[in-house]
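One structure below.
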Ligand code: EPZ
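Residue numbers (our numbering): 7 to 430.
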């Protein structure tokens, strides 16, 4: 299973360049199903989830080749014959559900394993299915699979006005992809507004789709007759950038993060400044962070869909606040169970109490190294950062969670002064 062994109390200094965005790349790969020609995605992060999505596409019949030297992937969807995403792949990666929209659009039907819960919450897909139903499909669950098929007699999805109960990223992405080849116009209201949504829309437009308004809460898609292949460069990963900013805030003498689109992280950066962390935006894609000498003060944070405070950076902020004097409060509004890491952090000497969706963090002088276990992707990475600051040795187990979403995580940290080794 592998673990990271970290010798703490090191101060980080140097420059780190973020990779392509995991939470965009996976959707662009799924969207390539819609094209009649080859797609080349550049700046693809070489992480486990990307390899899993490649396996999903291969299972469907696509030809997928990685160009490791160029950090690119070539996808030829021409051979896709199957419309079934199997359980053994979907359970590994919930984002596999995002092949549903493209497959429905291409084949008029789809059979995809129900993603099932994960460590941070139930991760429903009702909003995805409701959107598809508005577009003329019927769906039912059987033997752990969702079966959806177009049943409007036309064999083609039809455009619809879809108002999402919640600005779900996955539902927005799945419906937007399904609408590209639908007959007529689709409008998604209360759409998710993350930068990755805009990245997906830009790629779909490169394939020949007609989309306006992505990145806002109302997206209009006019169905076209067909889409081609395209070459496209994946946007930089804002969450990875935020992870290294948090590293700078926790134990940074001076960390410069390159490729970080600062405006995508403005509320996170504002909160770091509110705590008393030194943050300097050197240019629109380069941010310098150092812990500085304080004084530091406690803050309140509530996670919300974009442009609110990103839930994916919530565990990192808890580590920053663990040694900030006073009492801070984090409220998690997006997922039901995203404080699983708190018990592990308390084993390292933090003083955090959970009450439902709230975490009350009473700052302590310092953390102490201990054996801890990663329980999900971001929590695992946050425990690594805690180990960098803690006194003594920290071992982080189950690092496969971290390898799902971070390319060369330990190498990037070691390059800026961390004492971290991967042990099999
Ligand atoms: C995406 O998940 C990201 N994953 C998550 O990042 C991220 O935390 C999340 O968006 C929120 O920003 C990928 O992009 C692969 P949602 P997604 O649909 O699309 C509920 C990471 O660490 N909901 O916005 O699944 C759902 O249960 C991962 O990189 C429904 O109830 O997020 C959740 O509570 C973790 N019904 C909330 O909405 C639905 O049909 C947010 O879900 C869909 C969602």
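Where is the CB? At the ideal position from N, CA and C, for every residue including glycine. These numbers were taken from a predicted model, which means no experiment stands behind them.
If you ignore the 5 residues before and after residue 409, its C-beta comes within less than 6 Å of the C-beta of 54, all in its own chain and listed in chain order. Annotation for residue 10: no alpha helix (DSSP H) segment contains it, though the beta strand (DSSP E) segment containing it runs 9 to 13. Distance from the C-beta of residue 213 to the nearest heavy atom of ligand 1 is not below 6 Å. For the set 127, 161, 115, 162, the Cα lying nearest the Cα of residue 154 is the one of 115. Secondary structure of residue 413 (DSSP, three-state): coil.
Contact between residue 178 and residue 185 is absent: CB atoms are separated by about 11 Å, not below the 8 Å threshold. Looking at the backbone, the Cα of residue 70 and that of residue 251 are separated by about 34 Å. If you check the C-beta of residue 254 against ligand 1, you find no heavy atom less than 6 Å away. In this structure, 24 is the residue among 106, 66, 24 with its C-alpha nearest to the C-alpha of residue 77.
Between the alpha carbons of residue 190 and residue 416 lies a distance of about 48 Å. Proximity of the beta carbon of residue 340 to ligand 1 is indicated: a heavy atom of the ligand is located closer than 6 Å. Note that the stretch 386 to 399 does not touch the stretch 135 to 145; fewer than 3 beta-carbon pairs, one per stretch, sit closer than 8 Å.
Residue 130 has its Cβ nearer than 6 Å to a heavy atom of ligand 1. Counting along the chain, no beta strand (DSSP E) covers residue 209; the unbroken alpha helix (DSSP H) around it starts and ends at 201 to 213.
In this structure residue 367 is not in contact with residue 345, their Cβ atoms being roughly 11 Å apart against a cut-off of 8 Å.
The alpha helix (DSSP H) runs of length 4 or more contained entirely in the stretch 74 to 119 are, from start to end of the chain, 93 to 96, 106 to 113. The DSSP assignment places 143 to 148, 151 to 156, 167 to 169 as complete runs of the beta strand (DSSP E) inside the stretch 129 to 194, in order along the chain (cut-off: 3 residues). Bridge pairing for residue 72: 79 [DSSP]. Counting only the Cα atoms, residue 424 lies some 22 Å from residue 300. Between residue 89 and residue 63, the C-beta gap is not smaller than 7 Å, which leaves the two residues out of contact. Rounded to whole angstroms, the gap between the alpha carbons of residue 386 and residue 157 is 44 Å.
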